[in-house]
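When the sequence shown is numbered by full-length UniProt numbering, its final residue is 145 and no position is left out of the sequence of numbers. Note that beta-carbon positions come from the ideal geometry of N, C-alpha and C, so glycine has one too. What you are looking at is a predicted structure, and each value in this text was computed from that prediction instead of being measured. In what follows, a single structure is set out as C-alpha coordinates and then discussed.
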Amino acid sequence: MSHDSAWLVEEASLVLVEVTLDAVAEMGDLSLTQLRALLAVDRHGPLNLSSLATRLNMSLSAAGRMVDRLDGSGLLRRFPAPHSRREIRIETTSDGREVLERLRSARRRRIGTVLERLTPDARAQLTHVLQEFTAADASRDHDDL
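Here it is in C-alpha coordinates:
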(Lines of atoms letter the chains of each structure in order from A and count residues from 1; the text may use other names and numbers.)
(Lines give C-alpha, C1' and ligand atoms only; values in the text may rest on other atoms or scores of the structure.)
Protein backbone atom coordinates (compact mmCIF):
# COMPACT_ATOMS: atom_id res chain seq x y z
CA MET A 1 0.00 0.00 0.00
CA SER A 2 1.31 3.41 -0.84
CA HIS A 3 2.02 6.03 1.76
CA ASP A 4 -0.51 8.33 0.05
CA SER A 5 -3.31 5.74 0.38
CA ALA A 6 -2.62 5.24 4.07
CA TRP A 7 -2.52 8.98 4.64
CA LEU A 8 -5.85 9.47 2.81
CA VAL A 9 -7.52 6.68 4.79
CA GLU A 10 -6.22 8.27 7.98
CA GLU A 11 -7.57 11.68 6.94
CA ALA A 12 -10.97 10.15 6.09
CA SER A 13 -11.02 8.34 9.42
CA LEU A 14 -10.43 11.64 11.22
CA VAL A 15 -13.51 13.05 9.50
CA LEU A 16 -15.50 10.02 10.66
CA VAL A 17 -14.15 10.32 14.20
CA GLU A 18 -15.26 13.96 14.30
CA VAL A 19 -18.68 12.95 12.99
CA THR A 20 -18.93 10.29 15.71
CA LEU A 21 -17.79 12.63 18.47
CA ASP A 22 -20.33 15.23 17.35
CA ALA A 23 -23.05 12.56 17.43
CA VAL A 24 -21.88 11.38 20.87
CA ALA A 25 -22.11 14.97 22.14
CA GLU A 26 -25.79 14.94 21.12
CA MET A 27 -26.37 11.96 23.42
CA GLY A 28 -26.08 14.14 26.51
CA ASP A 29 -24.64 12.65 29.68
CA LEU A 30 -23.39 9.36 28.22
CA SER A 31 -19.66 8.87 27.83
CA LEU A 32 -18.02 7.31 24.82
CA THR A 33 -17.21 4.22 26.93
CA GLN A 34 -20.84 3.89 28.02
CA LEU A 35 -21.96 4.12 24.40
CA ARG A 36 -19.38 1.49 23.42
CA ALA A 37 -20.77 -0.76 26.16
CA LEU A 38 -24.32 -0.29 24.89
CA LEU A 39 -23.16 -1.08 21.36
CA ALA A 40 -21.27 -4.22 22.46
CA VAL A 41 -24.20 -5.56 24.48
CA ASP A 42 -26.66 -4.72 21.73
CA ARG A 43 -24.56 -6.41 19.05
CA HIS A 44 -23.34 -9.45 21.02
CA GLY A 45 -25.69 -9.67 24.00
CA PRO A 46 -26.82 -10.80 26.24
CA LEU A 47 -23.34 -10.82 27.79
CA ASN A 48 -22.00 -11.54 31.23
CA LEU A 49 -19.98 -8.85 32.98
CA SER A 50 -16.66 -10.57 32.33
CA SER A 51 -17.29 -10.75 28.57
CA LEU A 52 -18.28 -7.09 28.49
CA ALA A 53 -15.19 -6.04 30.45
CA THR A 54 -12.99 -8.00 28.03
CA ARG A 55 -14.66 -6.45 24.98
CA LEU A 56 -14.14 -2.95 26.41
CA ASN A 57 -10.62 -3.69 27.67
CA MET A 58 -11.46 -2.59 31.20
CA SER A 59 -11.33 -4.12 34.67
CA LEU A 60 -14.24 -6.15 35.98
CA SER A 61 -14.88 -3.61 38.75
CA ALA A 62 -14.89 -0.65 36.34
CA ALA A 63 -17.24 -2.51 33.99
CA GLY A 64 -19.49 -3.35 36.95
CA ARG A 65 -19.73 0.29 38.01
CA MET A 66 -20.50 1.34 34.45
CA VAL A 67 -23.22 -1.32 34.13
CA ASP A 68 -24.66 -0.10 37.46
CA ARG A 69 -24.99 3.41 36.00
CA LEU A 70 -26.45 2.19 32.71
CA ASP A 71 -28.85 -0.12 34.54
CA GLY A 72 -29.88 2.77 36.79
CA SER A 73 -30.51 4.89 33.69
CA GLY A 74 -32.70 2.17 32.21
CA LEU A 75 -30.41 1.55 29.22
CA LEU A 76 -29.19 -1.92 30.24
CA ARG A 77 -30.94 -4.66 32.18
CA ARG A 78 -29.42 -7.38 34.36
CA PHE A 79 -31.04 -10.78 34.71
CA PRO A 80 -30.05 -14.26 35.93
CA ALA A 81 -28.63 -16.55 33.25
CA PRO A 82 -31.03 -19.36 32.37
CA HIS A 83 -28.39 -22.07 32.91
CA SER A 84 -26.91 -20.65 36.13
CA ARG A 85 -28.74 -18.46 38.61
CA ARG A 86 -25.37 -17.25 39.94
CA GLU A 87 -24.36 -15.79 36.59
CA ILE A 88 -25.81 -12.40 35.73
CA ARG A 89 -26.41 -11.52 32.10
CA ILE A 90 -26.71 -8.02 30.65
CA GLU A 91 -28.88 -6.91 27.74
CA THR A 92 -29.94 -3.61 26.24
CA THR A 93 -33.39 -2.29 27.01
CA SER A 94 -35.67 -0.65 24.48
CA ASP A 95 -34.46 2.72 25.81
CA GLY A 96 -30.85 1.60 25.26
CA ARG A 97 -31.60 0.53 21.70
CA GLU A 98 -33.33 3.88 21.12
CA VAL A 99 -30.20 5.74 22.27
CA LEU A 100 -28.08 3.70 19.85
CA GLU A 101 -30.49 4.36 17.00
CA ARG A 102 -30.37 8.10 17.74
CA LEU A 103 -26.57 7.91 17.67
CA ARG A 104 -26.57 6.03 14.37
CA SER A 105 -29.11 8.45 12.89
CA ALA A 106 -27.04 11.46 13.94
CA ARG A 107 -23.94 9.93 12.35
CA ARG A 108 -25.79 9.05 9.14
CA ARG A 109 -27.16 12.60 8.88
CA ARG A 110 -23.71 14.13 9.29
CA ILE A 111 -22.12 11.66 6.87
CA GLY A 112 -24.97 12.28 4.41
CA THR A 113 -24.19 15.99 4.46
CA VAL A 114 -20.62 15.25 3.39
CA LEU A 115 -21.73 12.71 0.76
CA GLU A 116 -24.13 15.23 -0.79
CA ARG A 117 -21.12 17.36 -1.71
CA LEU A 118 -19.77 14.54 -3.92
CA THR A 119 -20.84 13.85 -7.48
CA PRO A 120 -22.97 10.74 -8.06
CA ASP A 121 -19.99 9.05 -9.75
CA ALA A 122 -17.72 9.85 -6.81
CA ARG A 123 -20.32 8.46 -4.36
CA ALA A 124 -20.57 5.25 -6.42
CA GLN A 125 -16.79 4.87 -6.47
CA LEU A 126 -16.59 5.56 -2.74
CA THR A 127 -19.28 2.97 -2.05
CA HIS A 128 -17.36 0.35 -4.03
CA VAL A 129 -14.03 1.14 -2.36
CA LEU A 130 -15.57 1.17 1.13
CA GLN A 131 -17.18 -2.23 0.51
CA GLU A 132 -13.78 -3.65 -0.44
CA PHE A 133 -12.06 -1.90 2.47
CA THR A 134 -14.63 -3.24 4.95
CA ALA A 135 -14.39 -6.77 3.53
CA ALA A 136 -10.60 -6.66 3.85
CA ASP A 137 -11.07 -6.02 7.58
CA ALA A 138 -13.82 -8.61 8.07
CA SER A 139 -11.92 -10.57 10.73
CA ARG A 140 -12.09 -7.67 13.20
CA ASP A 141 -14.88 -7.36 15.76
CA HIS A 142 -16.74 -4.11 15.01
CA ASP A 143 -17.91 -2.80 18.39
CA ASP A 144 -16.21 0.54 18.15
CA LEU A 145 -18.11 3.72 17.64
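- Residue range S84 to T92 is occupied by the beta strand (DSSP E) that includes S84, with no alpha helix (DSSP H) assigned at that position.
- In the three-state scheme derived from DSSP, where H, G and I count as helix and E and B as strand, R78 is classed as strand.
- Distance check between M27 and each of L100, L118, R77 and V114 places L100 closest, using alpha-carbon atoms only.
- Collapsing the DSSP output to three states places L70 in a helix.
- A contact between stretches requires three or more CB pairs, one per stretch, nearer than 8 Å, and the stretch 13-29 meets this requirement with the stretch 90-104.
- The stretch 30-39 and the stretch 57-67 touch, with no fewer than 3 CB-CB distances between them shorter than 8 Å.
- In the three-state scheme derived from DSSP, where H, G and I count as helix and E and B as strand, L30 is classed as coil.
- Burial check for R55: the Cβ neighbour count within 10 Å reaches 16 or more, so the residue is buried.
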